[in-house]
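Numbering (the numbering used here), first residue to last: 1112 to 1271.
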C-alpha cells in the first residue's frame, strides 16, 4: 500500500502492519490508522505516521532501547482492549520532542504507545503515579545506543 506523507513523500507500507488506535491518540482522536516507519538514516528514531493524514507524523523510539530500566504495569482494561496474550505481543514506543537544538530532545515516559504486534491494536496509555517524566532528556542515551550499534528490538515496518 502506498501512502503520502509530508515528511517522507510517498512511501510503501505493508497493509498488514497498519496499527489501529480504537479511540485515536489523545488530541488526534479523529485518526485511528497509523504505520510505524523506520529509516536507516534516522535510527533508532522511528516515525508514527498517520495513514489517512499525510501531515501527522510523530517521532518515536523503542522505550526499552533507550530506557532499559523503564517498567510499568498495564491495567487489566488495557490488556483486554489490546488483546495481549503475553509479552511477546508487546511493543512499547515513547513519543519524542525534537527541538531545533537536538541536544535538548526529550521523550515522554508518562504516555507510552502500547502496540499488540500480533493484532495491530494500539493505545496510548497514561501512567499515573510512579516516577515518570513527560520530558525526559534523552540525547546522551540515544547517542550511546547509536554508538553501541544495538539492533532494533522492535518489529516495525521498513519503509521503501
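We put the beta carbon where it would ideally sit given N, CA and C, even for glycine.
Run of the beta strand (DSSP E) containing residue 1173, from where it starts to where it stops:
Unbroken beta strand (DSSP E) run through residue 1173: 1168-1173.
Check whether the Cβ atoms of residue 1142 and residue 1124 sit closer than 8 Å, and answer yes or no. Not a contact, by the Cβ cut-off of 8 Å.
Worksheet item: Can you round the beta-carbon distance between residue 1130 and residue 1117 to whole angstroms, since I take them to be within the 8 Å contact cut?
Response: Not really, about 19 Å apart at Cβ, beyond 8 Å.
Going residue by residue through the stretch 1184-1246, where are the continuous beta strand (DSSP E) segments of at least 3 residues, counting only ones entirely within it? List check, beta strand (DSSP E) in window: 1201-1208, 1224-1227, 1232-1235.
Spatially closest choice to residue 1248 from 1213, 1259, 1225, by CA coordinates: Its Cα nearest to that of residue 1248, the residue 1213 stands out among 1213, 1259, 1225.
Spatial neighbours of residue 1243 within its chain, please: C-beta separation below 8 Å, excluding the five flanking residues on both sides. Hits under 8 Å: 1183, 1220, 1221.
message = Please tell me whether residue 1171 and residue 1228 are closer than 8 Å, where the distance is taken between their beta carbons.
response = No. Outside cutoff.
Exercise. Within the same chain, show all residues whose beta-carbon is closer than 8 Å to that of residue 1192, passing over the 5 residues directly before and after it, in chain order.
Key: Within the same chain, and ignoring the five residues on either side of residue 1192 in sequence, the residues whose Cβ sits closer than 8 Å to its Cβ are 1133, 1232, 1234.
task = With DSSP collapsed to three states, give me the class of residue 1117.
result = Three-state result, residue 1117: coil.
| task | Would you mind stating whether residue 1113 and residue 1121 have Cβ atoms separated by less than 8 Å? | result | It is a contact, given that the beta carbons lie within the stated cut-off.
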